[in-house]
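These notes concern the structure reproduced below.
Numbering (full-length UniProt numbering), first residue to last: 1 to 453.
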């Protein structure tokens, strides 16, 4: 296969895409939209890329790799420096890719302030982008102008969303990109979107009851809140029959509860840097890799791929994209490759799902929390000598506990400390004061005690 281009803008009149429209005479915009809807409705798959022979897919990815490396070197100041002595045309295999340096998500906290807003990793100037997001850290993330920039239409399609559906989107629209990810993907499928955002449960229930959306996008914990509140108040949300959830652990008990409520929920794995990484299908056996990236599983803290299929390691991604041309970008997330292909017929690599973190950066209620955010809040209170943020699971919710050591509790304004923690992390927590010497000498700044898997 000669080439594997990065994702392209949505087809214009007379243009097509694999598995959907075919090239032909010019059509009106309405005819084009209708053709897309019919083809997507009739097919089990979003496009023909999903069911390719695995060897053909691998050949296409490796054929695209030299061009992607060249784009990264030519368009990104950071990668231009990092890879300056590299011959991009020589990177034609996974073995060659494995020789390249890894850029870690945790490094963005140091890189970006040196060259705001993106640390030079961007391939498109900030003014040429559609949006610029601010994730916790802070870390700034670009959104290009291409339709379905985050590639979420594929995940939504696999979750059962189709043209003409209405999607109630309860991901955040404030500074972080999750809301935009689902909305742009839904629009690419021909769906309408209710921009619910986070919170205001009663208003969101009213909107669902009145508008009657077929699908939900958001965290599984907020969907459970909606289902429980609807049951308590007698609100009719029976129109919801499908959901795409992400941003936090999706527990088997939650899946079963949603199914009992008539909602088939699928999960996906994405990040603010990479967009969609992998998604579930109706088979519910692992998450299938997106078609526009190269996934490696590395031994944590190294640049070396794991030796065996099934071995747990850090998810590292090379993105086939020009606005943010990330090469060997280490997410900090742990996962493992499942053997074989999905029973649904999609043939791409499958991940077991989220299996923990390779660093102390932790996702809590859908938001990343970095150790520096904890320490910056605590440093404002000199009476606190040591602190540790503990994350536990309380039923279906994440519980964030700030443990502090102090010899003079009266000198610690506890509510103000919690306010500072909330301002830093965008999350509410609770405080547990401890006498000096209680925390272990080797205690982590963030300790995640939630069950994994």
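Glycine included, every Cβ here is placed at the ideal spot set by N, Cα and C. Note that the coordinates shown come from a computational prediction; the quantities given were computed from them, not determined experimentally.
- Proximity to residue 275 across 85, 176, 346 and 376 peaks at 176, based on C-alpha coordinates.
- Only buried fits residue 220, as 16 or more other CB atoms lie within 10 angstroms of its CB.
- Residue range 178-189 is occupied by the alpha helix (DSSP H) that includes residue 182.
- Looking at the DSSP output, residue 392 bridges to 399.
- With a 10 Å radius around the Cβ and a threshold of 16 neighbouring Cβ atoms, residue 174 comes out exposed.
- In this structure, the beta-carbon distance from residue 144 to residue 182 does not fall below 7 Å.
- Around the CB of residue 425, 16 or more other CB atoms lie within 10 Å, so the residue is classed as buried.
- Uninterrupted beta strand (DSSP E) stretches at least 3 residues long and entirely within the region 311-338 occur at 313-319 and 329-335, given in chain order.
- For residue 89, no alpha helix (DSSP H) segment is defined, and its DSSP state is neither H nor E.
- Of the candidates 279, 170, 241 and 105, 241 places its Cα closest to the Cα of residue 258.
- Of all C-beta pairs linking the region 303-312 to the region 59-74, fewer than three are shorter than 8 Å, placing the two stretches out of contact.
- Per DSSP, residue 208 is one residue of the alpha helix (DSSP H) stretching across 201-211.
- Bounds of any beta strand (DSSP E) do not take in residue 224; it lies within the alpha helix (DSSP H) bounded by 220-233.
- By the Cβ neighbour-count rule, residue 114 is exposed, with fewer than 16 other Cβ atoms within 10 Å of its own.
- Taken through DSSP and simplified to helix, strand or coil, residue 106 comes out as helix.
- Scanning the UniProt region "Disordered" (430-453) from its first residue to its last, the whole beta strand (DSSP E) runs of 3-plus residues come out as 430-434 and 446-448.
- Residue 71 has its alpha-carbon roughly 14 Å from the corresponding atom of residue 90.
- Secondary-structure assignment with DSSP links residue 285 through no beta bridge to anything.
- For residue 419, the enclosing alpha helix (DSSP H) covers residues 414-425.
- Look at residue 377 here: in three-state DSSP terms it is helix.
- Residue pairing from DSSP places residue 298 in a beta bridge opposite 305 and 314.
- By the C-beta density criterion, residue 202 is exposed, having fewer than 16 other C-beta atoms within 10 angstroms.
- Counting the other Cβ atoms within 10 Å of the Cβ of residue 116 gives fewer than 16, which makes it exposed.
- Here residue 291 is buried: its Cβ has 16 or more other Cβ atoms, across all protein chains shown, within 10 Å.
- Residue 365 is bridged by DSSP to nothing; it lacks a bridge partner.
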